[in-house]
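Each residue of the first sequence is one higher than the last, beginning at 417 in my numbering. Heads up, the beta-carbon is just placed ideally off N, CA and C, and yes, glycines get one too. The next block holds one structure in the form of structure tokens; read it before the comments.
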Amino acid sequence: MELTPLNTSLSRASKFKDYDKYDTLSLSKCLLGKVLVSCHEGHITAGMITETEAYLHDDPSCHAYMNKKTNRNEAMFMKAGTGYVYFIYGMHYCFNVVSGEEGLGEAVLIRSLMPLYGIEIMQQRRSTQNTKQLCNGPGKLCQALGIDISYNKCSLQGDALYILDYIQLSENEIISTPRIGISKGREFLYRFCVK
DNA sequence: GTGATGATTTAA
DNA sequence: TAAATCATCACT
417 MELTPLNTSL
427 SRASKFKDYD
437 KYDTLSLSKC
447 LLGKVLVSCH
457 EGHITAGMIT
467 ETEAYLHDDP
477 SCHAYMNKKT
487 NRNEAMFMKA
497 GTGYVYFIYG
507 MHYCFNVVSG
517 EEGLGEAVLI
527 RSLMPLYGIE
537 IMQQRRSTQN
547 TKQLCNGPGK
557 LCQALGIDIS
567 YNKCSLQGDA
577 LYILDYIQLS
587 ENEIISTPRI
597 GISKGREFLY
607 RFCVK
């Protein structure tokens with residue numbers, strides 16, 4: 417697929433708002449093909465979501481498993497369409513979209529993007545020219561889009577970080593596999609990728 | 001206060 | 001394959 421500049425189809429795309437209309441697994445698939453946009457320190461960067469993972473409330477690998485609230489996972493219990501950002505391995509941020517009923521504790525981890533806009537800024541932030549290496553990992557895409565802990569608990573219906581409708585994918589264009597980097601809950605096929 | 005751990009990335 | 005690197009969490 418060719419990279420598309422923001423000034424054509426994206427400028428006419430509408431902001432996705434129906435976070436509370438989907439259960440978490442549906443939202444994980446629904447977000448594939450949409451575009452995550454950040455306006456950070458005066459720069460717009462954006463990429464199409466190509467990989468997601470679902471974290472359900474009754475799933476042992478979920479930060480909110482057993483309805484356990486901690487300082488870190490507080491955002492997961494907020495309403496669908498809230499950003500949940502956490503810091504891990506002493507150096508990386510991961511970005512999630514809170515989903516499901518408010519108070520339930522579910523989210524969709526955004527694992528990979530196809531860079532679409534602000535690629536030079538992403539290259540600067542990531543310290544690499546290699547476009548394929550800009551957003552192909554949860555920590556990488558956060559660095560590329562300037563997503564840090566200040567975006568935790570932000571509304572994704574605002575102007576700083578939001579999602580645009582873009583490409584509508586069908587079920588047979590999505591593949592499901594076990595999630596990456598977890599020790600529990602490997603039996604669930606909760607990782608979704610664009611074929 | 002202490003110690004183990006982690007939804008990762010990078011370089012070797 | 002292993003090191004980097006530290007906030008977060010549970011608690012000897």
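In this structure T440 is in contact with V524, their Cβ atoms being roughly 6 Å apart against a cut-off of 8 Å. Residue environment analysis places P476 among the exposed positions, since fewer than 16 neighbouring C-beta atoms fall within 10 angstroms of its C-beta. DSSP, read as helix, strand or coil, puts M507 in coil. By the Cβ criterion, the region 492-500 is in contact with the region 570-584, since at least three pairs of Cβ atoms, one from each stretch, lie closer than 8 Å. Its chain contains K431, V453 and L572 as the residues whose beta carbon lies nearer than 7 Å to that of Y578, once the 5 sequence neighbours on both sides are disregarded; these appear in chain order.
T547 has its alpha-carbon roughly 11 Å from the corresponding atom of Q540. Between the C-alpha atoms of C478 and Y533 there is a straight-line separation of about 31 Å. Sorting C446, E467, K437 and V451 by C-alpha distance to the C-alpha of S425 places V451 at the top. Residues of the same chain with a CB within less than 6 Å of the CB of E518, apart from the 5 flanking positions on each side, are K495 in chain order. In the structure shown, the three-state DSSP call for F493 is helix. DSSP, reduced to helix, strand and coil, places R602 outside both helices and strands of the structure shown, so it counts as coil.
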